[in-house]
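Trainee:
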Amino acid sequence: MFNMKKKFLIGVVTLLLLGGFLFYRNIYTASGIETDTKVIAIPSGLSVREIAVLLEEQGIVSSSNILVRYLVWKNMDTKIQHGDITFVPPHSIAHVAMELTNPQGRKEREMRVLPG
């Protein structure tokens, strides 16, 4: 009886580790087929799902469903900017989400100079 519980626990832990690895791999590694810098116009009025499908069709992400779920999970779905957005490889889900919500994020930095 104790041996069965131990095997079950090992199986559950293994599945959790595998699931965590796959989740990390889907979110933080390059997933799109596009390898060049690409500018895509995001028109206003599109839903999060429509934007994700547009990016999937353009080869920026491989799965629009994962992008939508990531944006909702990180509460970024209401912060998407519209207009021409430049996507620079690698196109991971996390990188694309950052570009959608803060297109100038890498270009503009705020610095505070302390006197003295």
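When we follow this note's numbering, the leftmost residue of the sequence shown carries the number 1239, and every step to the right adds one.
Backbone N, C-alpha and C define an ideal beta-carbon position, used for all residues, glycine too.
When the distance is taken between beta carbons, is S1282 closer than 9 Å to H1329?
Mentor: Counting from one through the sequence shown, the residue named residue 1329 turns up at place 91. Counting from one through the sequence shown, the residue named residue 1282 turns up at place 44. Taking 9 Å as the Cβ cut-off, H1329 and S1282 do not qualify as a contacting pair.
Trainee: Going by DSSP, name the residue or residues bridged to F1325.
Mentor: The residue labelled residue 1325 in the question sits at position 87 within the sequence shown. F1325 pairs with K1276.
Trainee: Evaluate A1279 with the Cβ neighbour count: other Cβ atoms within 10 Å of its Cβ, from every protein chain shown; 16 or more gives buried, anything less gives exposed.
Mentor: Counting from one through the sequence shown, the residue named residue 1279 turns up at place 41. Looking at its Cβ environment, which holds fewer than 16 other Cβ atoms inside 10 Å, A1279 is exposed.
Trainee: Quick check: the Cα distance between E1337 and L1255, rounded to an integer number of angstroms?
Mentor: Here residue 1337 is taken as the residue at index 99 of the sequence shown, counted from 1. Here residue 1255 is taken as the residue at index 17 of the sequence shown, counted from 1. Computed Cα separation, rounded: 29 Å.
Trainee: If you count every other CB in all the chains shown that lies within 10 Å of the CB of E1294, and 16 or more means buried, which is it?
Mentor: By 1-based counting over the sequence shown, the position of residue 1294 is 56. Buried is the call here.
Trainee: Mind checking which residues open and close the alpha helix (DSSP H) that includes S1302?
Mentor: For the purposes of this step, residue 1302 is taken as residue 64 along the sequence shown, with counting starting at 1. Unbroken alpha helix (DSSP H) run through S1302: S1302 to W1311.
Trainee: Taking the C-alpha atoms as reference points, what is the distance between V1286 and Q1296?
Mentor: For the purposes of this step, residue 1286 is taken as the residue at position 48 of the sequence shown. For the purposes of this step, residue 1296 is taken as the residue at position 58 of the sequence shown. C-alpha separation (whole angstroms): 15 Å.
Trainee: Helix, strand or coil: how does DSSP classify H1333 here?
Mentor: The residue you call residue 1333 lines up with position 95 of the sequence shown. H1333 falls in the helix class under three-state DSSP.
Trainee: Have a look at I1323 and L1352 and give me their C-alpha separation to the nearest angstrom.
Mentor: Translated into the one-based positions of the sequence shown, residue 1323 becomes position 85. Translated into the one-based positions of the sequence shown, residue 1352 becomes position 114. Cα to Cα, I1323 sits roughly 34 Å from L1352.
Trainee: Could you give the DSSP three-state label for M1242: helix, strand or coil?
Mentor: Locating residue 1242 in the sequence shown gives position 4, counting from the first residue. Helix.
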